[in-house]
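*Asks:* I am attaching a structure below and will ask some questions about it afterwards.
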Amino acid sequence: MFELHGDRLRGQYALIHTKADQWLMHKIKKANERPVPSTGGGSASQPAPESTPLPRDVKPMLATLGSTEDLTSMPEDEWSFEGKWDGVRAIGEVHAGELRLHSRSGRDLTPTYPDLGWIGPALGDHDAVLDGEIVTLGADDVTSFAALQNRLGLTRTADIERAAKKYPAEFFLFDILFLDGTSLLKKKYVDRRRILDELAAACDGITVPARLSGDAQHALDESRRQGWEGIVAKRLDSPYLPGQRGRAWIKVKNQRTQEVIIGGYRPGKGSRADTLGSLLLGVPDDHGLRYIGRVGTGFTAPMLETLSGKLRRLTRKTSPFTGDRKPAESKDAAWVTPRVVGEISFTEWTTAGLARHPAWRGLRPDKKPGEVRME
């Protein structure tokens, strides 16, 4: 990065090496730049450069679920591959040295992750809008959604501080949408990524996971070797489309997962007599809440306690499920208003449209029921 002080060229610039013999020069526009008086002859001043205000509440661009077969047709020179991180998607707004985080649904995540506040000062004088994933690392340094569950939904300051010490969060960045008065939404992904890499290199502690080398199959094999959730393939020439889901970004998972809405539960027995035995799950369709099965495994004791408290406050007399498929467990079921979103892993869909061998992964307080869709 450097500064120019002239009549026609002035201000801060960044030179970014894009290829062996090519460079990208980025003008870092500041909102407070003013006309520079002429040093003699010509006009009295130069016009102030156009500067875009820092955008607020940008919705993240979404990836479409794909398969290994989709990847085989991708030319290596047109796509970039990166890890898919098992966490909570977030947009970070950095202004005046402060970081504000919000989820895909627009929920303010800043109070939940005070341990990420250092990112604001780390960027110095830069204003930026960043896209990434809030994660917690397990003992093997692999992102752990189970560990992150201990950070989700906390509201009391003491609980948040205690969880932050035991399960520290990291913000894995993979895109940049705005920098110092310049919107990057219409720039190609490959150029946005290089700007992000250069910014991270100049700011201590910022984490931008490296892109994966080789073709799609090599990237997928590497993700499995590392124990990641999967990979995301991104077209090098794709602009950033806030809130949209398209074929420019394709995600491939190493295990099937599905966001779900809880429509009821069955009472527990034995050691679970005071909590619950299984959850009755649904996914919205054109007719309402479609039943997709029940899950009774994957719970920890704290999860069961949290779920029991939430669901007991939402009990109702009638089933929220619609359509021809009804829960076979209706006789002893306790129905709830479908407001609680969670996530399961499973092996496959049955011919009846039920999730086979589901396991509970955790609550998704960052998602609203209206955002849940069939993967």
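Quick note, the sequence shown lines up with residues 1 to 375 if you use the working numbering. Think of the CB as a built atom: it goes at the ideal place given N, C-alpha and C, for glycine as much as any other residue.
Are the CB atoms of K84 and P242 nearer to each other than 9 Å?
*Replies:* Taking the sequence shown and counting its residues from 1, the one referred to as residue 84 is at position 84. Taking the sequence shown and counting its residues from 1, the one referred to as residue 242 is at position 242. The answer is no: Cβ separation not under 9 Å.
*Asks:* Could you check how far apart the C-beta atoms of L289 and I261 are, in whole angstroms? I think they sit under 8 Å.
*Replies:* Position 289 of the sequence shown, counted from the start, is the residue given in the question as residue 289. Position 261 of the sequence shown, counted from the start, is the residue given in the question as residue 261. Rounded, the Cβ-Cβ distance is 6 Å, consistent with contact.
*Asks:* With DSSP as the reference, identify every bridge partner of I206, one or two as the case may be.
*Replies:* Translated into positions along the sequence shown, residue 206 becomes position 206. BP columns for I206 are empty, so no partner.
*Asks:* Who are the near neighbours of L130 in its chain, counting only those whose CB is closer than 6 Å to its CB and skipping five residues on each side?
*Replies:* Numbered from its first residue, the sequence shown carries residue 130 at position 130. Cβ neighbours of L130 beyond the five flanking positions: G92, L173, I176.
*Asks:* Inspect the CB distances between the region 246-262 and the region 340-360 and report whether three or more fall short of 8 Å.
*Replies:* Result yes; three or more Cβ-Cβ pairs closer than 8 Å.
*Asks:* Excluding the 5 residues preceding and the 5 following T64 in the sequence, name in chain order all residues of the same chain whose CB lies nearer than 8 Å to its CB.
*Replies:* Reading the sequence shown from its first residue, position 64 is the one you call residue 64. Contacts found: R245, G246, R247, W249, I250, K251.
*Asks:* Note down the Cα distance separating F299 from L148, rounded to an integer number of angstroms.
*Replies:* As a position in the sequence shown, residue 299 is number 299, starting the count at 1. As a position in the sequence shown, residue 148 is number 148, starting the count at 1. Cα to Cα, the separation comes out at about 14 Å.
*Asks:* In angstroms, rounded to a whole number, what distance separates the CA positions of P35 and L199?
*Replies:* Residue mapping note: residue 35 aligns to position 35 of the sequence shown, counting from 1. Residue mapping note: residue 199 aligns to position 199 of the sequence shown, counting from 1. With a pLDDT of 37 at P35, under the threshold of 50, the modelled position of that residue is not reliable, and no figure is offered here.
*Asks:* Given a cut-off of 9 Å on the beta-carbon distance, is the pair R89 and S73 in contact?
*Replies:* Here residue 89 corresponds to residue number 89 of the sequence shown, with the count starting at 1. Here residue 73 corresponds to residue number 73 of the sequence shown, with the count starting at 1. Result no, Cβ atoms of R89 and S73 do not sit closer than 9 Å.
*Asks:* Assess, as a yes-or-no matter, whether the region 267-284 is touched by the region 223-241 under the definition of 3 or more beta carbon pairs within less than 8 Å.
*Replies:* Contact between the region 223-241 and the region 267-284 is absent, because fewer than three Cβ pairs lie under 8 Å.
*Asks:* Helix, strand or coil: which one does DSSP assign to F2?
*Replies:* By one-based count along the sequence shown, residue 2 stands at place 2. Reduced to three states, the DSSP call for F2 is strand.
*Asks:* Contact check, T143 vs G87 under 8 Å by CB: the rounded distance?
*Replies:* Position 143 of the sequence shown holds residue 143. Position 87 of the sequence shown holds residue 87. Correct: roughly 6 Å between the Cβ atoms.
*Asks:* In chain order, what residues of the same chain lie with their CB nearer than 6 Å to the CB of A359, ignoring the 5 residues before and after it?
*Replies:* Locating residue 359 in the sequence shown gives position 359, where the first residue counts as 1. Cβ neighbours of A359 beyond the five flanking positions: T297, G298, S345.
*Asks:* Candidates A146, H126, I292: which alpha carbon is nearest G97's?
*Replies:* Reading the sequence shown from its first residue, position 97 is the one you call residue 97. The residue with the shortest Cα to Cα distance from G97 is H126.
*Asks:* Start and end of the alpha helix (DSSP H) containing K188?
*Replies:* By 1-based counting over the sequence shown, the position of residue 188 is 188. Note, K188: premise wrong, no alpha helix (DSSP H); not H, not E.
*Asks:* Counting Cβ pairs closer than 8 Å, one from the region 105-122 and one from the region 151-169, do we hit at least three?
*Replies:* Contact between the region 105-122 and the region 151-169 is present, because at least three Cβ pairs lie under 8 Å.
*Asks:* What is the DSSP secondary structure of Q255, reduced to helix, strand or coil?
*Replies:* Position 255 of the sequence shown holds residue 255. Here Q255 sits in coil by DSSP.
*Asks:* Could you give the distance in angstroms between the alpha-carbon of R56 and the alpha-carbon of L62?
*Replies:* Translated into positions along the sequence shown, residue 56 becomes position 56. Translated into positions along the sequence shown, residue 62 becomes position 62. Distance between the alpha carbons of R56 and L62 is about 18 Å.
*Asks:* According to DSSP, is D141 part of a helix, a strand, or is it coil?
*Replies:* Within the sequence shown, residue 141 is the residue found at index 141, counting from 1. In this structure, D141 counts as coil in the three-state DSSP scheme.
*Asks:* Within this structure, are the beta carbons of L1 and L15 separated by less than 9 Å?
*Replies:* Translated into positions along the sequence shown, residue 1 becomes position 1. Translated into positions along the sequence shown, residue 15 becomes position 15. Reading off the sequence, residue 1 comes out as Met, not Leu. Yes, these two residues count as a Cβ contact at 9 Å.
*Asks:* Can you find the residues in the same chain that come closer than 8 Å, C-beta to C-beta, to K188, ignoring five residues on each side of it along the sequence?
*Replies:* For the purposes of this step, residue 188 is identified with residue 188 of the sequence shown, where counting begins at 1. Answer for K188: L236, D237, S238, P239, listed in chain order.
*Asks:* Excluding five sequence neighbours on each side, which residues of the same chain lie with their C-beta closer than 7 Å to the C-beta of R107?
*Replies:* Working through the sequence shown from its first residue, we reach residue 107 at position 107. Here the set comprises D366.
*Asks:* Mind checking S330: buried by the 16 CB within 10 Å criterion, or exposed?
*Replies:* For the purposes of this step, residue 330 is taken as residue 330 along the sequence shown, with counting starting at 1. It counts as exposed.
*Asks:* For R312, count neighbouring Cβ atoms within 10 angstroms of its own Cβ and tell me buried if that reaches 16, exposed if not.
*Replies:* Looking up residue 312 in the sequence shown gives position 312. Result: exposed.
*Asks:* Do the CB positions of L281 and R266 come within less than 9 Å of each other?
*Replies:* As a first step, residue 281 must be located in the sequence shown, where it is residue number 281. As a first step, residue 266 must be located in the sequence shown, where it is residue number 266. No, they are not a contact pair.
*Asks:* Return the chain-ordered list of same chain residues with a C-beta closer than 7 Å to the C-beta of L71, the five sequence neighbours on each side being excluded.
*Replies:* Counting from one through the sequence shown, the residue named residue 71 turns up at place 71. If we look at L71 and ignore the five residues flanking it on each side, its Cβ neighbours are A216, Q217, L220, A233, V252.
*Asks:* Answer yes or no: do V295 and A352 have a C-beta to C-beta separation smaller than 9 Å?
*Replies:* Locating residue 295 in the sequence shown gives position 295, where the first residue counts as 1. Locating residue 352 in the sequence shown gives position 352, where the first residue counts as 1. Taking 9 Å as the Cβ cut-off, V295 and A352 do not qualify as a contacting pair.
*Asks:* Once DSSP output is grouped into helix, strand and coil, what is the label at P111?
*Replies:* On the sequence shown, residue 111 is found 111 positions in, with the first residue counted as 1. Three-state DSSP puts P111 in a helix.
*Asks:* Compare the C-beta of W360 against all C-beta atoms of chain B and say whether one is closer than 9 Å.
*Replies:* Any reference to chain B falls outside this structure, which holds one protein chain only.
*Asks:* Using a threshold of 9 Å, state whether the C-beta atoms of R361 and A146 are closer than that.
*Replies:* Position 361 of the sequence shown holds residue 361. Position 146 of the sequence shown holds residue 146. For R361 and A146, yes; Cβs fall inside 9 Å.
*Asks:* K165 by DSSP, collapsed to three states: which one?
*Replies:* The residue you call residue 165 lines up with position 165 of the sequence shown. DSSP places K165 in helix when its eight states are reduced to three.
*Asks:* Just reading off the beta strand (DSSP E) that T306 is part of, what are its end residues?
*Replies:* As a first step, residue 306 is located in the sequence shown; it is residue number 306 there, counting from the start. Note, T306: premise wrong, no beta strand (DSSP E); alpha helix (DSSP H) at 301-312.
*Asks:* By how many angstroms is the C-alpha of L101 removed from the C-alpha of E133?
*Replies:* On the sequence shown, residue 133 is found 133 positions in, with the first residue counted as 1. On the sequence shown, residue 101 is found 101 positions in, with the first residue counted as 1. Straight-line Cα distance between these residues: approximately 11 Å.
*Asks:* With respect to the alpha helix (DSSP H) encompassing R224, which residues constitute its N-terminal and C-terminal limits?
*Replies:* The residue given as residue 224 occupies position 224 in the sequence shown. Element bounds for R224: 216-226.
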